[in-house]
Structure formats: structure tokens, C-alpha cells
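In my numbering, the protein residues as written are 180 to 804. From the three backbone atoms N, C-alpha and C, an ideal C-beta is built for every residue, glycine too. All values reported here derive from a predicted model rather than from experimental measurement.
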Amino acid sequence: MYRPGRNKWEAECTVCKACTYVCVSNKGAGDLKAHMDTDKHRKAVQGESLSAKLTDFFVRPGKTEDAVNAAEGAFAFHTVKHHNSYRSMDCTSALLKKAFPDSDTAKKFSSARTKTEAIVNGVIAPHSIDVAHEALKEIQYCGVSTDGSNHGAVKIFPIIIQYFDWKRGGMQTKLIEVKDTPNETAETIAQYLIETLAKNNLSEKCIAFTGDNCNTNFGGIRRDEGGKNVFANLKRLLQKNTLIGVGCPAHILNNCVHHGADTIDIDLENIMFKIYQYFHIYTVRTESLKEYCDFVDIEYRRMLSHSKTRWLSLFPGIERMIQMFPALKAFFLSQQKPPIVIKKFFENEFSEIYLWHMHSLMSAFHTHIQDMEKEKNSIMEVKKIMNSIHTILLERKSNNFMSLKVKGLLAQKRSDGLGKEYDQFCADVQGLYSTCLEYLEKWMTPMEEFSTFTWMDLSEPPEWNDVEACIKFLGEKGVVIDDVKCFDQVTNLKRFTERCNRDEEFSGLQVHQKWTKYFEKAKSIACYSELLKIAQFVFALSSHNANVERVFSLMQSQWTKERNQLSVESLKGILFVQYNLKDMSCKDFHAYLLSNRKLLGKISSTAKYRWADKEDEEEKQDEED
């Protein structure tokens, strides 16, 4: 209402007409109060009240600033969402002014690379974590998973949490930390997990750890609880003997087929890698191979590599070798000094048959791993997939299954007098199936404890005996379920399941989506309170480690040769935005910003810059001193 006047003894009234000055040299605040009691001021207040209603029809002060902040935030999000370089914003900021000269927003838009990076790291990325923190206030349980990936000499460990929030669509996974560690020992990883959980107030809520099945994480198949693995350390540091360990089943299937492949007479993985290495940087060799493709009348296709840590790379690699086999064989056998290993492979009369048989086996594994890797698969769905591949292997072994293509090629070789080699191949097929089964059955054992949750897939109405067994299991884990209330709630769930399972659309939903539908339809919390506890516990169990692998893929798309100077801190901000806000489009994010004035304020504030944090720390230190 008042602002400084022409000198220190005057105050200007902003309500009365312009240049209305009040002398305060006599009574100070008393003079201001006396002015407010005058008729002139009261009439001005009434006029201000009426004019305020008229201004509702016009642009409010600050609306342009909000539009500019929202635009700068949305373009920062857009830059990260579409894997653009921050440097591109130097051009974008100037281009908008030129392209839209009549736009007040474009005129004031001033977010080049430095500001854009600050908005991502200091505003949007932290906000993506704050959203998860807010949701977790109402949720009792979460699970945590991690893995490491090398970038040169730097070892990066992302940490992902999983929880169930039916109000926001069901199962949720959020990236809460990305950090480089000095080493990858079990003690270091466990301490890193503990610190991250504590920082996010999740130590009490954490009920499970998921990782691949290496000894560092679990100490082998027996889960050595007294050892120095990550899982054992977490139990001790969290003081939770009830902590559940989930070894990644996709990793199990990947290792299963590798163990099986090691029993056959030819090392197909090594051959695939060597052929890829032979061509991938040599233009002359590639052009020569193209000529052989023309000669045998097949289309040239680039050779594919394979990595033992990439679960889905073996099948397409084998398929590509089969497609290119005639040209590859003609090419290498015509070379004067080809690599000996590759030459022996193509001289082997059964090399193509081994390829076709592995292709047949890998097609089953490939499909199951793809199904298993879905982001929001529950532990029940993954266990069902494991049982499916186990059944397939049992049937293949009992029938000594070989595809018609393999049988046709085998018959030709036998008629050519290669009976001994024929028998060896058949023995290799049996050995392959036996080894795969032996490995799979051994590593499926730790997952048997999750059989108690099978009823939760809602493929059929639940039986109370199954639910009761589940309640007992949860009781051993410290989760108290009121069985009396739960019985009545299961009765309601039965009716819901019987009705909904007639709907094909409902039957095709993921398990967490089915439960979300149930909670949405329920009339009150009294209808599902105990079932919600069970659901929050079960859906906090991360069923695989593929989500961490997805973070690695995002990381590789950012940390390219052209952007190899990207700091870990900048990478962290980018990954938070890309992973935690992956379901939001740029247009939706812009609308979201306009509805969130607190976030707009942070975009315009200098607090988003690193130097602002340093100044705050220095001020705190000075106050303490």
C-alpha cells in the first residue's frame, strides 16, 4: 500500500491517485494510519476494489513471466527428452526471438545452454524425486535394485526403487540416485544403497533387494547370509533379517542358454564375435563380401555382434549368420589366410546345422526374455514365464526335438556318409537340453518362496486357503494382516474377479493393473484395507533387473563420443528426467508447469545454479562459526 516517497520523510500511497505523498516526520506510522482514515483514501480503496474486478478480463501482471518460465522449463525438458545437446539451446533461444517477433514470451525467452542445464539439474530432476517422496508418504513398502556399468574408468551405479500406488496407475519405478563409486566391492555397494535409502527416508520401507545373480550380490545360489555379498551386508546394515533377495530371472535365462551352448562341439558365440570383428571397421572386406552376396543371390546385411551381458543379442546375431551363411562361407573359404577359427567353422559340414538348432532354441528363450523384461511385470508373471520355459525344455528333451529344417539337413549329411558326425550332433542336442534344464532348475529354487503369491494374478477367483498361506508368509516377514477383515475383503474380490474375467480386455491387463482396477472400483477403504497391504508388499518386489539395464541404455545414448565430457552430475540430472518422467510428453509437461506456480518460481530463481548452493553453504558455515 505504501512505497518510499521523494525523500526519507515521505511515503507514497499506491492506492490513492498518483503523487499522493504522506509526511511521516511527525508521528511516523501514526501519520500513515491517519491518512488511511481519511475519506479520500477510503474512496480510493472502494475504487480499487471495483477496478480489480475489471482487470480480471485483462492480462494479469506476471502472466507473461509465468509463460516465459514455463517455456524455458518445457524447452529444457524437450532438450533432454529427445537426447539433444545443451549446446543446441544457444541457437534455440536466439531462433525463437527471430521466428516469433510478435510474441512477448519469445522476446523474454533467454535460456541458453547454461540456464537450460541448471533448470534440468536444479529444478526438474529434483522435482521428479519430490513427486515420488510425496507418493511414498502413503505407501508402506518399496524395493530397491541396482547394478554397475563402466564408462571408461568410471563405474556408474543407478539405484531404482519400486512401489505400488494404485492412485497413480499401479506399479511405479523411480530412479533415485546415480553415482560413481571408487570400486565395486560388496561393502561399497551395500553402503551406497544404505546411504541412499536413508537420504530418501526409505530405510524402514525397504523390504527387498534385486540384482543380477553374481557372487558380489548374493554370494551364489545358496545366498550366503554370513558372507560379504551385497544382500548379506544390506540385511546387517538395515537390521532386517526379513529382507527378501530377488535374483534377476532374465539374467538366469541368459546364463542358462550360455551354459547349454558351451556343451556343443562349436563355439558359436566366439565365431559370431570374430566374424563381426573381421568386418565392422574394414570397408574393403565389407565391399568384397557384398560381391559374394550378389554371387550367391542373397541380400547383404551388416553382421551383428553379441555380448554375454546383453540378454537379447544372441538370437538376432545367430539369425543374421544364417541369413548370410552362403556368402560368408564362400567368402572365408576363398581367402588365402582367413582366421583359423573361422576357417575351421566353415569347413565343418555341420556348422550350419548347429546354427539352425541354436536358432530354434534361442527363439524360445528370446521370446520369454522379452516377455520377462516388461517394465512393470510382477513376481507372479515372471515366475509363470520361468515355468513356461522350463516346460518347453522338458518337452524338447523328452522328444529329442529338432526342427524340420535341422532334420532335413541331417538326413542329407547321413546320406553323404557322415553317420559318426550325425550321432555326435544328436548327442550334443541331448546334452544341450540336459545342461539347460539342470542350470534352470538349480536357479529357479530361490523363487519357490514366491509361489504363495500365485493367486494374486487374478486369472481365476482366489481361494481362501491360498490367501491364508500368503498371510502366514507375510506374518513371518513382519507384515500384520487382519485375517478376519481380509476374509470379507477376499469375498468381494472373488465377485469382482468372476465378473471381470469375462472381459477379454481385463484378462489381458498386467497383474498390477488388475489390482488397480479393483481398488478403483471399491467403495471405501474398508473394502480393501488388508488386501492393499498385501498388494503394496508384493508389488514392491522388483521381479527383474531390466529397469536398471534401461537406465544404462539411456546413459549410453547420452554419453556418446561427441559428449564424452558430460559430468556425472549432469548425466544424473538427465537420467532422472528421462526415466522418472518418461510417460510425460513435452506438451503435457508444459501444461504441468503452468499449473505449478511453485515449480515456475524455482525456474526463475537463481537457486537452481550450483554457485547458489555453494553460497548457501558458505553462509551456513559463517553462521555456525
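Note the first and the last residue of the continuous beta strand (DSSP E) segment covering residue i.
i, result
"THR389", "385-390"
"HIS330", "328-330"
"GLU189", "189-192"
"CYS615", "Premise fails: CYS615 lies in the alpha helix (DSSP H), 598-623, not in any beta strand (DSSP E)."
Which residues bound the alpha helix (DSSP H) around residue i?
i, result
"PHE525", "519-526"
"ILE400", "First-last for ILE400: undefined, no H or E at that position."
"PRO495", "493-513"
"ILE564", "558-577"
"LYS460", "Position check: residue 460 holds Ile in this sequence, whereas Lys was assumed. Where ILE460 is concerned, there is no enclosing alpha helix (DSSP H), given that its DSSP letter is neither H nor E."
"GLN668", "662-679"
"PHE718", "Unbroken run through PHE718: none, as it is neither H nor E."
"LYS316", "Unbroken run through LYS316: none, as it is neither H nor E."
"GLN130", "Nothing can be reported for residue 130: it is not among the residues displayed for the chain, which extend from 180 to 804."
"SER594", "583-594"
"ASP166", "A query on residue 166 cannot be resolved here, the shown segment of the chain reaching from 180 to 804 and no further."
"PHE632", "PHE632 -> no alpha helix (DSSP H), and no H or E assigned at all."
"ASN726", "725-737"
"LEU772", "765-773"
"SER749", "747-759"
"HIS257", "242-260"
"CYS649", "643-655"
Would you report the Cα separation of residue i and residue j, rounded to the nearest angstrom?
i, j, result
"TYR707", "LEU354", "29 Å"
"GLU802", "ALA278", "Low local confidence applies: a pLDDT of 48 at GLU802 is under 50, so the model's placement there is unreliable, and no value is given."
"MET537", "PHE675", "45 Å"
"PHE524", "ILE445", "8 Å"
"ASP667", "ARG678", "17 Å"
"MET551", "PHE511", "38 Å"
"GLU191", "LYS777", "31 Å"
"ILE782", "GLU639", "50 Å"
"THR421", "GLY657", "8 Å"
"ALA304", "GLY752", "5 Å"
"MET500", "PHE604", "20 Å"
"LYS419", "ALA387", "10 Å"
"ASP662", "ARG347", "27 Å"
"VAL357", "ILE338", "6 Å"
"ILE548", "ALA429", "6 Å"
"ASP636", "SER749", "40 Å"
"LYS152", "PRO280", "The structure shown does not extend to residue 152, since the chain spans only 180 to 804, so no value can be given for it."
"MET581", "LYS516", "35 Å"
"VAL194", "GLY184", "14 Å"
"GLN370", "CYS393", "18 Å"
"GLY596", "TYR533", "18 Å"
"ALA762", "TRP535", "A quick correction: the sequence has Asp, not Ala, at residue 762. If I take the Cα positions, the gap works out to 40 Å."
"ARG151", "ALA291", "Given a span of 180 to 804 for the chain in the structure shown, any question on residue 151 remains unanswerable."
"TYR788", "ALA297", "5 Å"
Less than 8 Å between the CB atoms is what I'm expecting for residue i and residue j, so what's the real figure, rounded?
i, j, result
"LYS384", "GLN319", "6 Å"
"PHE254", "THR284", "Actually they do not touch by this definition, with Cβ atoms about 11 Å apart."
"GLY349", "HIS691", "4 Å"
"LYS260", "CYS765", "6 Å"
"PHE755", "ILE308", "7 Å"
Could you tell me which residues DSSP pairs with residue i in its beta bridges?
i, result
"GLY426", "GLY390"
"VAL357", "PRO337"
"SER812", "Since the first residue shown for the chain is 180 and the last is 804, residue 812 is missing from the structure and cannot be characterised."
"GLY184", "Answer is none; GLY184 lacks a bridge partner."
"VAL201", "ALA190"
"GLY349", "ASP344"
Who are the near neighbours of residue i in its chain, counting only those whose CB is closer than 8 Å to its CB and skipping five residues on each side?
i, result
"GLN351", "ALA311, ALA314, GLN341, TYR342, PHE343 and ASP344"
"PHE494", "HIS538, MET541, SER542, PHE544 and HIS545"
"GLU366", "LYS407 and ASN412"
"THR633", "MET559, LYS562 and ASP645"
"ALA509", "TYR471, PHE474 and VAL475"
"GLN609", "LYS576 and ASN579"
"CYS427", "THR389, GLY390, ASP391, ASN392, HIS723, ASN724 and ALA725"
"LEU772", "ASN248, ALA249, GLY252, ALA253, LEU778, LEU779 and ILE782"
Sorted by chain position, which residues of the same chain lie with C-beta nearer than 7 Å to residue i's C-beta, five sequence neighbours on each side aside?
i, result
"ASP210", "VAL201, CYS202 and VAL203"
"HIS262", "SER736 and GLN737"
"ASN396", "GLY390, ASN408, VAL409 and PHE410"
"LYS334", "GLY327, ASP359, THR360 and GLU363"
"SER382", "LEU376 and LEU417"
Compute the minimum distance between the beta carbon of residue i and the heavy atoms of the ligand ATP, and state whether it is under 8 Å.
i, result
"ILE713", "Here there are no bound small molecules, and the ligand ATP is not part of this structure."
Please work out which residues of its chain come closer than 6 Å, Cβ to Cβ, to residue i, disregarding the five sequence neighbours upstream and downstream, and give them in chain order.
i, result
"TYR479", "LYS469 and CYS472"
"VAL747", "ASP359"
"ASN300", "GLY752"
"PHE731", "SER328"
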